[in-house]
Amino acid sequence: MDTSLKFRSVILKFSRMLSDEINTLLLEHQLNYSLWQVLHYIQQHQPCTSTEIAEYLNISRPSIAKRIQPLLKLQAVSQHSEADRRVRILRLTDSGQQLVIHCMHKIDQLEQELLEQSSDTDIQLSIKLIHQLTQQLQHKKSGVHHEH
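Residue numbers (UniProt numbering): 1 to 148.
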């Protein structure tokens, strides 16, 4: 098997399995990984707009709007209109902040369990490689190419 094909299949399989594990952890809170990504972004960047979230997660604005609705129903997020009524400013509510803290703790525990048998060197090299690949994809998307 070609190394690049093996690499891709391993990364994709890991990503799906990790998402499934996180979904299992979040289910009791009426969340899934897609909603979690939005909550986590808002927590890190509030106040923010749905456009900012869509750009960060690399998904469409209508997809973000669909994800925000259940978060509003859970009263985890509040939205306020600015002078330009098309722009909605998003923030976590107090209960949303507590939800993020609680879920983050559970996800951190899962991550620690997964990494406990790996060396710090292996973990750092993996982070470095994935970060480099992410940057290459971001540059490719924005039309910037670098020679190696």
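Note that beta-carbon positions come from the ideal geometry of N, C-alpha and C, so glycine has one too.
Since the structure is predicted, the reported quantities are computational estimates derived from the model, not experimental observations.
Each residue's CA atom was taken as its position, placing residue 120 and residue 83 some 49 angstroms apart.
Judged by beta-carbon spacing, residue 88 lies within the 8 angstroms limit of residue 50, meaning their Cβ atoms are closer than that value. DSSP, reduced to helix, strand and coil, places residue 79 within a strand of the structure shown. Nearest C-alpha to residue 25 among 78, 67, 12 and 108: 108. Contact check for residue 92 against residue 79 fails: the beta carbons are separated by 8 angstroms or more. Three or more beta-carbon pairs separated by less than 8 angstroms link the segment 35-44 to the segment 92-106, which places the two stretches in contact. Fewer than three Cβ pairs drawn from the segment 43-60 and the segment 2-21 lie within less than 8 angstroms of each other, which leaves the two stretches out of contact.
For residue 76, same chain residues with a beta-carbon under 7 angstroms away, outside a window of 5 residues either side, are 39, 92, 93, 95, 96 and 99 in chain order.
If you draw a straight line from the Cα of residue 131 to the Cα of residue 29, it comes to about 30 angstroms. Under a 10 Å Cβ-count criterion, residue 68 is classified as buried, with 16 or more other Cβ atoms of the shown protein chains found around its own Cβ.
A distance of 8 angstroms or more separates the beta carbons of residue 52 and residue 110.
Straight across, the Cα-Cα distance linking residue 81 with residue 65 is about 14 angstroms.
For the pair residue 125 and residue 138, the Cα-to-Cα distance works out to about 20 angstroms.
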